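**Student:** Residues in the sequence shown are numbered from 516 upward in steps of one, following the numbering used here.
Provided herewith is a single structure, encoded as structure tokens, for subsequent inquiry.
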Amino acid sequence: MKKLFVIFLLIFGILLFPVHGFAEPETDPDSFDMAVVNDIMKNTDVFNLKAKAVILMDAKTGMFLYEKNSEERYPIASITKIMTSIIVMDHIKEGKLKYDDKVKVSEYAYSMGGSQVYLEPGEEFTVMEMMEAVEIHSANDAAVALAEKVAGSEAAFVLLMNNRAKAMGLKDTNFKDCTGLTDEGHYSTAKDIALFSAELVNKYPEILDITTIQYKEFRPGEDHIDMWNRNRLIWFYNGANGLKTGFTTAAGYCLVGSAKRDDFQLISVVLGEPNNNTRFAETAKILDYGFYNFESIDIIKKSDTIKSIEVKKGVSDQVD
């Protein structure tokens, strides 16, 4: 099995290079230190962030509250999987797919590198189990398996992703795969990402029941995979409910953060951060900026009728 083979390579590498012991490499995208995060937050000016691109949006109104290079195109790594999730949820809503439908693993899905739950060819899991693997563990093999279930092939699924982006008016977004493993020609902007993230959160709020899971076993039993949520924001930030991390060498450390306090749902995006701790610290800083400086108030309800409006120095005193 691929999992056992990877474990063998890790053990072999440790035996060859014992001087490094079990230390976690600095390039590990999951390396996290809360003390460092707190220190960065304390010493960071929200208007002088290290991220290449940043945006903060009120998910309810679509109003942008903070922007930095928000319309510049960048590779987005696993942030891609937000659109992957939208397509899957669209098919569930349309009755073309059910959470308890079985998804069979292909050789191609098995071949995926990067983050994975070590699916084996021929294994079957439910759509919900695969969705959990994607949202919690950012599993590339599960994302591809879902894509093949929905559209028959990853290529056909990517066409659905690009058509969906086009229908939303996202002119600076292009997908080459459903995982974000491809860098060349696969891009988006902080603004576009915020828009399709809001689409997922607003249209399918039930996705937040998955994105807030801190830990879950995949394939429970002797051969299980421990899925610890890679989005550390949900572990320490008040109101955090998602959404997705991303990392490749080209994209840097990326994060779509989402948090809700009372009825105020914010979505933040940071792209091209220098390390894992900084992406979480700056995301928390941006969200703090939003919650401390803005609030969501319903001035008038959609169902209310305005009978007349007073007009000063007009032809008439009021307009009905």
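We put the CB at the ideal spot given by N, CA and C, even for glycine.
It should be emphasised that the depicted structure is a prediction, and the values quoted were computed from it without experimental measurement.
#1: Determine, using beta carbons only, whether S703 and R588 come nearer to each other than 9 Å.
#2: Could you check how far apart the C-beta atoms of T559 and T694 are, in whole angstroms? I think they sit under 8 Å.
#3: With 16 other CB atoms within 10 Å as the buried threshold, where does D656 fall?
#4: Taking Cβ to Cβ, would you say A568 is nearer than 9 Å to A755?
#5: Taking the C-alpha atoms as reference points, what is the distance between G684 and T793?
#6: Over the uninterrupted beta strand (DSSP E) stretch that includes I570, give me the two end residues.
#7: Would you call the CB atoms of Y752 and W743 closer than 9 Å?
#8: Give a yes or no on whether the C-beta atoms belonging to A796 and V551 are separated by under 9 Å.
#9: By DSSP's criteria, Y614 is part of a beta bridge. Which residues make up the other side?
#10: Once the 5 residues before and after I597 are set aside, which same chain residues still bring their CB inside 8 Å of it?
#11: Just to confirm, is the Cβ distance from T726 to I651 under 9 Å?
#12: Return the Cβ separation of S630 and A660 in integer angstroms, given the expectation that the two are a contact with Cβ distance under 8 Å.
**Tutor:** Based on what the coordinates show:
#1: For S703 and R588, yes; Cβs fall inside 9 Å.
#2: About 31 Å separates the two Cβ atoms, so there is no contact after all.
#3: buried
#4: no
#5: 31 Å
#6: From DSSP, the beta strand (DSSP E) with I570 extends over A568 to D573.
#7: no
#8: yes
#9: Y614 is not bridged by DSSP to any residue.
#10: I708, F711, S712, L715, L758, K759 and V771
#11: yes
#12: With a Cβ gap of about 14 Å, S630 and A660 do not count as contacting.
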